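Numbering (the UniProt record's numbering), first residue to last: 25 to 406.
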Ligand code: ATP
Ligand code: MG
Ligand code: MG
């Protein structure tokens, strides 16, 4: 095995390519954009649409192991490739993750509770769903970063929101009062062996991840084991191979529900590059190339701050953020994805901070966030 192939050329593919190359693999990326973040970092890029069979043939020909970084890659592409070369994750698992209705049914089948929800596909469904309000209407397919969602308080708002979405298949989820949000990342090999990172805590702004806290106490210790156990069950139920991230909501009364899953490394796991013995991307290389999995040790308390395009604007003017000022601090790692087109709300990079103690870490995060004009809330940890 010498060449790893990846469907999708975004930042997740770029970080995967970096990890693969460090281990001596050649890489091939398939993406329609010739200057994609992963394409820039890869030895080789196939410029083709995700549904172009000629591109799939070239990829299968060139690679010894294949994976995806883009969760909306056609499941048919994974199936087609799997008939030719080893592919993970399996097409059926990715297909479930692409559809919120299928995804929630899978969680329920695994005995993991979701927020109260109903599928909205017909007028009659819409009527019935009003009983769950206030809620969030979410398109069943293709949503990310809070896109394709609408908060609804009344039956009229619900009707209007569904109409605005073009009456496509949706789910209505009850809007819950969240105490906190967290996520769990596992990697499962073809032999069924599973390893995991400890749960990390996430803060979102406007539906987009802003901050990840990864240190002991960031997620209540009493919850951690149950969340890891639920995530392992979800991966096993999918006969999953690869890296899987599952998001959870913890409610005011301490109970919790599952939100959604991503069949790939996740934004909330970027800290693992700098704070763990093996990153989520190292584990994806291992599952793709059928190498042994070992439990990664998390060696430093860590915080990740996402860099959206907004950080390149100050009072409406384009700026270059003060990279030198933040890099003067120890334990600050700047990651930029090589995207030329800066847009507000677009994920351009992230900063990972590590420190010897949680106190020192949070002081440093507050300073870096201040310099970059990013939101940051200090966590109260006992
Ligand atoms: P991602 O980029 O993580 O894939 P997404 O577009 O799939 O995002 P969700 O994860 O479903 O969106 O929701 C985005 C955010 O909106 C959540 O992280 C949470 O902050 C809030 N949210 C979603 N559903 C609910 C709910 N039922 N009750 C309360 N808040 C919610
Ligand atoms: Mg999502
Ligand atoms: Mg989410």
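For every residue, glycine included, the Cβ atom is placed at its ideal position computed from N, Cα and C.
Please read these numbers as outputs of a predicted model, since none were measured by experiment.
What number of angstroms, rounded off, separates the C-alpha of residue 150 from the C-alpha of residue 198? In the chain shown, residue 150 corresponds to position 126, counting from 1. In the chain shown, residue 198 corresponds to position 174, counting from 1. In this model, residue 150 and residue 198 are separated by some 14 Å (Cα to Cα).
Do residue 234 and residue 399 count as a contact pair if the criterion is CB distance below 7 Å? Residue numbering aside, residue 399 sits at position 375 when the chain shown is read from its first letter. Residue numbering aside, residue 234 sits at position 210 when the chain shown is read from its first letter. Yes; because the gap between Cβ atoms is below 7 Å, this pair is in contact.
If I'm right that residue 236 touches residue 292 with Cβ under 8 Å, what's the distance once you round it to whole angstroms? Numbered from 1 along the chain shown, position 212 holds the residue referred to as residue 236. Numbered from 1 along the chain shown, position 268 holds the residue referred to as residue 292. Your pair residue 236 and residue 292 checks out as a contact, with CB atoms roughly 5 Å apart and the cut at 8 Å.
Name, in chain order, the residues that DSSP records as bridge partners for residue 326. Here residue 326 refers to the residue found at position 302 of the chain shown. The partner list for residue 326 (beta bridge, DSSP) reads 238, 378.
When the Cα of residue 136 is compared with those of 123, 376, 252, which residue comes out closest? Position 112 of the chain shown holds residue 136. Comparing Cα positions, the closest option is 252.
Thinking C-beta only, is residue 62 closer than 7 Å to residue 46? For the purposes of this step, residue 46 is taken as residue 22 along the chain shown, with counting starting at 1. For the purposes of this step, residue 62 is taken as residue 38 along the chain shown, with counting starting at 1. The answer is no: Cβ separation not under 7 Å.
Check each candidate in 66, 372, 346, 207 and name the one with the smallest Cα separation from residue 53. Counting from one through the chain shown, the residue named residue 53 turns up at place 29. Nearest option by C-alpha distance: 66.
C-alpha distance - residue 264 paired with residue 315, whole-angstrom precision: Taking the chain shown and counting its residues from 1, one reaches residue 264 at position 240. Taking the chain shown and counting its residues from 1, one reaches residue 315 at position 291. Taking the straight line from one Cα to the other gives about 15 Å.
Taking just the CA atoms, how far does residue 84 sit from residue 403? Start at 1 with the first residue of the chain shown, and residue 403 comes out as number 379. Start at 1 with the first residue of the chain shown, and residue 84 comes out as number 60. Going by C-alpha positions, residue 403 is about 47 Å away from residue 84.
Tell me the rounded alpha-carbon separation between residue 226 and residue 28. If you number the chain shown from 1, residue 226 lands on position 202. If you number the chain shown from 1, residue 28 lands on position 4. When rounded, the distance between both Cα atoms is 31 Å.
Report the CB separation of residue 332 from residue 388 in whole angstroms; it is logged as a contact under 8 Å. Walking along the chain shown from the start, residue 332 turns up at place 308. Walking along the chain shown from the start, residue 388 turns up at place 364. The beta carbons of residue 332 and residue 388 sit about 20 Å from each other, so the pair does not count as a contact at 8 Å.
Between 317, 269, 86, 44, which lies nearest to residue 285 when the distance is taken from Cα to Cα? By one-based count along the chain shown, residue 285 stands at place 261. Nearest to residue 285 by C-alpha distance, out of 317, 269, 86, 44, is 269.
First and last residue of the uninterrupted beta strand (DSSP E) at residue 207: Residue 207 sits at position 183 when you count from the first residue of the chain shown. Per DSSP, residue 207 belongs to the beta strand (DSSP E) from 202 to 212.
Taking the Cβ atom as the reference point for each residue, do residue 289 and residue 308 lie within a distance shorter than 7 Å? Here residue 289 refers to the residue found at position 265 when the chain shown is read from its first residue. Here residue 308 refers to the residue found at position 284 when the chain shown is read from its first residue. Against a cut-off of 7 Å, the Cβ pair of residue 308 and residue 289 comes out as a contact.
Residue environment, residue 187, which counts as buried when at least 16 other CB atoms sit within 10 Å: Here residue 187 is taken as the residue at index 163 of the chain shown, counted from 1. Residue 187 should be labelled exposed.
Taking the straight line between their C-alpha atoms, what separation do you get for residue 115 and residue 321? Walking along the chain shown from the start, residue 115 turns up at place 91. Walking along the chain shown from the start, residue 321 turns up at place 297. For residue 115 and residue 321, the distance between alpha carbons rounds to 30 Å.
I'd like to know whether the C-beta atoms of residue 95 and residue 117 end up nearer to each other than 7 Å. Stepping through the chain shown from its first residue, residue 95 is reached at position 71. Stepping through the chain shown from its first residue, residue 117 is reached at position 93. Going by C-beta atoms, residue 95 is not nearer than 7 Å to residue 117.
Alpha carbon to alpha carbon, how far is residue 69 from residue 190? Give it in angstroms, no decimals. On the chain shown, residue 190 is found 166 positions in, with the first residue counted as 1. On the chain shown, residue 69 is found 45 positions in, with the first residue counted as 1. One C-alpha to the other measures close to 36 Å.
The beta strand (DSSP E) that contains residue 162, what's its start and end? Counting from 1 along the chain shown, the entry for residue 162 is found at position 138. Looking at the DSSP string, the run of the beta strand (DSSP E) that includes residue 162 is 159 to 163.
For residue 106 and residue 383, I'd like the C-alpha separation in whole angstroms. Here residue 106 corresponds to residue number 82 of the chain shown, with the count starting at 1. Here residue 383 corresponds to residue number 359 of the chain shown, with the count starting at 1. Rounded to the nearest angstrom, the two C-alpha atoms are 48 Å apart.
Per DSSP, what are the beta-bridge partners of residue 229 in this structure? The residue you call residue 229 lines up with position 205 of the chain shown. Paired residue(s): 232.
Return yes when the Cβ of residue 30 is within less than 7 Å of the Cβ of residue 91, no when it is not. Residue mapping note: residue 91 aligns to position 67 of the chain shown, counting from 1. Residue mapping note: residue 30 aligns to position 6 of the chain shown, counting from 1. Residue 91 places its beta carbon less than 7 Å from that of residue 30.
Following the continuous alpha helix (DSSP H) through residue 30, name the residue where it begins and the one where it ends. The residue you call residue 30 lines up with position 6 of the chain shown. Run containing residue 30: none in the alpha helix (DSSP H); it sits in the beta strand (DSSP E), 27 to 31.
At what residues does the alpha helix (DSSP H) containing residue 361 begin and finish? Within the chain shown, residue 361 is the residue found at index 337, counting from 1. Residue 361 -> no alpha helix (DSSP H), and no H or E assigned at all.
Run the Cβ filter for me: residues under 7 Å from any heavy atom of ligand 3, listed in the order they occur in the chain. Going along the chain, the residues that qualify are 271, 283, 284.
Spatial neighbours of residue 338 within its chain, please: CB distance less than 8 Å, with the 5 preceding and 5 following residues excluded, ordered by chain position. In the chain shown, counting from the first residue as 1, residue 338 sits at position 314. Answer for residue 338: 397, listed in chain order.
Residue 275: which of 375, 93, 204, 146 sits nearest, CA to CA? On the chain shown, position 251 is the one that residue 275 refers to. Comparing C-alpha distances from residue 275 to each of 375, 93, 204, 146 shows the shortest one belongs to 204.
Quick check on this structure: which residue in 44, 40, 32 has the alpha carbon closest to the alpha carbon of residue 73? What you label residue 73 is simply residue 49 of the chain shown in a count that begins at 1. Relative to the Cα of residue 73, the nearest Cα in the group 44, 40, 32 belongs to 32.
Just curious, the beta strand (DSSP E) that residue 307 is in, first and last residue? Along the chain shown, one-based indexing puts residue 307 at 283. In the DSSP assignment, residue 307 falls outside any beta strand (DSSP E) and within the unbroken alpha helix (DSSP H) covering 304 to 312.
Per DSSP, residue 218 forms a beta bridge with which residues? Taking the chain shown and counting its residues from 1, one reaches residue 218 at position 194. In DSSP, residue 218 forms a bridge with 212.
Regarding residue 160 and ligand 1, is the C-beta to nearest heavy atom distance less than 6 Å? In the chain shown, the residue the question calls residue 160 occupies position 136. Flag set: Cβ of residue 160 near ligand 1.
Run the CB neighbour count on residue 328, radius 10 Å, all protein chains shown included, and call it buried at 16 or more, exposed below. As a first step, residue 328 is located in the chain shown; it is residue number 304 there, counting from the start. Label assigned to residue 328: buried.
When every heavy atom of ligand 2 is checked, does at least one fall within less than 6 Å of the C-beta of residue 168? As a position in the chain shown, residue 168 is number 144, starting the count at 1. Yes.
Cα-Cα separation, residue 287 to residue 261: The count along the chain shown starts at 1 and reaches residue 287 at position 263. The count along the chain shown starts at 1 and reaches residue 261 at position 237. Taking the CA atoms as reference points, residue 287 sits about 13 Å from residue 261.
Take residue 163 and list the residues in its own chain whose beta-carbon comes closer than 7 Å to its own, dropping the five residues that flank it on each side. Here residue 163 refers to the residue found at position 139 of the chain shown. Counting only Cβ-Cβ distances below 7 Å, and skipping sequence neighbours, we find 172, 189, 192, 194.
Roughly how many angstroms separate the alpha carbons of residue 231 and residue 166, rounded to a whole number? Within the chain shown, the letter at position 207 stands for residue 231. Within the chain shown, the letter at position 142 stands for residue 166. One C-alpha to the other measures close to 15 Å.
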